[in-house]
Amino acid sequence: MSVKTVDQIEVRGKAVLMRVDFNVPLDNGKITDDRRITQALPTIRNVLDRGGRLILMSHLGRPKGGPEAKYSLRPVAVRLGELLGQNVRFADDCIGPAVEQAASQLKDGEVLLLENLRFHKEEEKNDPNFSRQLAKLGDIYINDAFGTAHREHASTFGVPQLLAGKPRGIGFLIQKELKFLGEAISNPKRPFVAILGGAKVSDKINVIERLLEKADTLLIGGAMAYTFFLAQGKKVGGSLVEPDKVELAKKLLEKAAGKIQLPVDTVIASEMTDTAQTRVVEGDIPDGMEGFDIGPKTVERYRGRIANAKTIIWNGPMGVFEKKPFAAGTKAIAEAVAAITGQGAITIIGGGDSAAAIEQMGLGDKVSHVSTGGGASLEFLENGHFSTLDILRG
Ligand code: AMP
């Protein structure tokens with residue numbers, strides 16, 4: 089049995105309870121990037137245009153289990169109203185009699201945004217009583233929050249379970265994410281090249297193992313590379329490493345038989361600052377120095393692999409791209425990935441920092457897909473499904 093998409097469900101006159109990911113960055117109550125809102129618009133408009141009564145729920149930030157003004161979704165209601173060109177009602181809480189009344193007063197084509205789900209610690213605990221109170225609000229359940237699809241919380245798991253007898257489905261954003269990520273791991277056009285970077289091996293270890301089964305080549309960058317250097321017996325100076333993962337890195341290198349490519353040169357410095365003096369070394373990183381980016385020879389090598397690829401998945405920057413002296417590697421890889429997209433390759437940026445990097449470089453629309461969920465996309469690549477979406481089958 090398959091999961092329905094929103095357009096396959098009759099919504100007219102019905103209360104559509106929809107989980108969205110409006111976890112936008114805020115600076116003093118101002119939204120600094122509204123992409124998470126705009127990406128939910130196709131699903132939201134589809135429901136409203138067909139006369140549904142839309143009740144939106146989301147989390148924002150990491151409040152400590154109670155209301156905190158700086159994590160209020162109220163600014164999101166205002167921005168959503170501007171984008172939709174219609175009034176968006178706002179409820180000061182996400183459960184309780186006042187919310188139920190506000191939801192029951194909605195007319196066809198109207199929208200209500202509930203206050204931050206995580207103002208109740210029960211959300212992340214998937215508390216049955218909290219789920220029951222949320223579930224009361226909907227005749228239909230839709231999940232379009234890809235960023236939290238890997239979490240069994242009340243709004244993503246308990247609520248859709250309780251609404252099992254009612255129409256349930258996913259929105260267009262999740263549909264798009266699953267299409268790109270799903271096809272890449274189940275039926276990739278080859279060569280399939282995975283690019284992994286970022287700070288830690290431990291965060292990505294499961295996905296490395298999985299990608300070694302699926303991909304033809306794994307290009308490693310970021311601080312993650314230095315744990316592999318240690319496994320090869322190289323010196324890494326003061327670079328960020330995970331000594332307890334060296335054995336694992338050794339096993340992966342033994343198992344991967346030429347699939348894993350490591351940097352052949354490294355941009356080093358004695359400090360991670362915007363004005364740091366840098367130098368490029370091949371092989372060992374001297375004491376007192378740290379590796380902060382892949383070097384130019386590595387860039388050339390990785391560029392060659394990327395240029396031949398038909399499918400690319402990239403997760404994690406190649407260096408400390410936030411600092412100018414260490415941004416070149418990530419920038420060059422982003423440009424190479426964008427260029428090969430123009431020649432027909434499927435290119436997927438797996439959310440998080442690599443998504444931020446590619447957007448920062450203005451290349452976001454030059455790749456096939458920029459995932460909206462870093463953790464979620466990694467988990468999907470690893471497991472190939474989400475329990476929160478499996479329960480929507482029927
Ligand atoms: P992750 O969340 O694991 O994808 O890690 C992203 C972070 O890794 C970014 O903030 C980068 O600055 C950081 N990073 C990448 N390369 C290095 C490096 N060589 N040393 C320290 N941090 C790094």
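Residue numbering for the sequence shown follows my numbering, beginning at 89 and increasing consecutively. Cβ atoms here follow ideal geometry from the backbone N, Cα and C, with glycine treated the same way. Everything numeric in this text was worked out from a predicted model, so none of it was measured.
**Asked** So which of Pro351, Arg162, His208 has the shortest CA-CA distance to Pro155?
**Response** With distances taken between Cα atoms, Pro155 lies closest to His208.
**Request:** Note down the Cα distance separating Ser442 from Leu284, rounded to an integer number of angstroms.
**Result:** Rounded to the nearest angstrom, the gap between the Cα atoms of Ser442 and Leu284 is 10 Å.
**Asked** Between the beta-carbon of Gly309 and the beta-carbon of Gly440, is there less than 9 Å?
**Response** No. Outside cutoff.
**Request:** For Ile43, name the three-state secondary structure that DSSP assigns.
**Result:** Since the first residue of the chain shown is 89 and the last is 482, residue 43 is not available in this structure.
**Request:** Can you give me the start and stop residues for the beta strand (DSSP E) that Arg231 sits inside?
**Result:** Rather than Arg, the amino acid found at residue 231 in this sequence is Asn. Its beta strand (DSSP E) spans residues 228-231.
**Prompt:** Whole-angstrom Cβ separation of Thr366 and Pro413, contact assumed at under 8 Å?
**Reply:** Rounded, the Cβ-Cβ distance is 5 Å, consistent with contact.
**Item:** Rounded straight-line distance, which links the Cα of Gln263 to that of Glu188
**Value:** In this model, Glu188 and Gln263 are separated by some 29 Å (Cα to Cα).
**Message:** I'd like the list of long-range same chain contacts for Leu341, defined as Cβ closer than 8 Å, with 5 residues on each side in sequence excluded.
**Reply:** Closer than 8 Å at Cβ, skipping near neighbours: Phe316, Ala319, Gln320, Ile348.
**Request:** Report yes if the C-beta distance between Pro163 and Ile230 is below 9 Å; otherwise report no.
**Result:** No, Cβ-Cβ distance for Pro163 and Ile230 is not below 9 Å.
**Nearest to Arg206 (by Cα), restricted to the options Gln431, Ala157, Pro185** = When only C-alpha atoms are compared, the closest one is Ala157.
**Request:** Using 8 Å as the cut-off, classify the Cβ of Asp441 as near or not near the heavy atoms of the ligand FMN, replying yes or no.
**Result:** As for the ligand FMN, it is missing from this structure, which binds only the ligand AMP.
**Request:** Enumerate, from N- to C-terminal direction, the unbroken alpha helix (DSSP H) stretches of 4 or more residues contained entirely within the stretch 363-425.
**Result:** Taken in chain order, the whole alpha helix (DSSP H) runs of length 4 or more contained in the stretch 363-425 are 384-396.
**Prompt:** By the 10 Å Cβ neighbour count, where 16 or more other Cβ atoms means buried, how is His147 classified, buried or exposed?
**Reply:** The residue in question, His147, is buried, as its Cβ has 16 or more Cβ neighbours within 10 Å.
**Asked** In this structure, does DSSP put Leu225 in helix, strand or coil?
**Response** The answer is coil: DSSP assigns Leu225 none of H, G, I, E or B.
**Request:** Might you give, ordered along the chain, the residues of its own chain that have their beta carbon closer than 7 Å to the beta carbon of Ala272, omitting 5 neighbours on each side?
**Result:** Result list for Ala272: Thr399, Ile401, Ile434, Ile436, in chain order.
**Prompt:** Is Arg107 helix, strand or coil when you go by DSSP?
**Reply:** DSSP places Arg107 in strand when its eight states are reduced to three.
**Asked** Between which two residues does the alpha helix (DSSP H) carrying Phe317 extend?
**Response** Start and end: 312-319.
**Beta-carbon proximity check, Lys292 vs Gly404, cutoff 9 Å** = It is a contact, given that the beta carbons lie within the stated cut-off.
**Asked** Closest by CA to Ser465, which one among Phe234, Ala364, Ile421?
**Response** Ranked by Cα distance from Ser465, the options Phe234, Ala364, Ile421 are led by Phe234.
**Prompt:** What residue does the beta strand (DSSP E) around Asp353 start on, and which one ends it?
**Reply:** Its beta strand (DSSP E) spans residues 353-357.
**Asked** Can Ala282 be considered in contact with the ligand AMP, in the sense that its beta carbon sits closer than 8 Å to one or more heavy atoms?
**Response** No, the ligand AMP has no heavy atom inside 8 Å of this Cβ.
**Message:** One question on the structure: do Gly383 and Val368 come within less than 9 Å of each other, judged by their Cβ atoms?
**Reply:** Cβ distance < 9 Å, so Gly383 and Val368 count as in contact.
**Request:** Please report the residue range of the alpha helix (DSSP H) in which Arg133 lies.
**Result:** That run of the alpha helix (DSSP H) goes 129-137.
**Prompt:** So does the stretch 207-224 actually touch the stretch 90-97, counting three or more Cβ pairs closer than 8 Å?
**Reply:** Result no; under three Cβ-Cβ pairs closer than 8 Å.
**Asked** Is His473 buried or exposed, if buried means 16 or more other CB atoms sit within 10 Å of its CB?
**Response** Answer is exposed; the Cβ neighbour count stays below 16.
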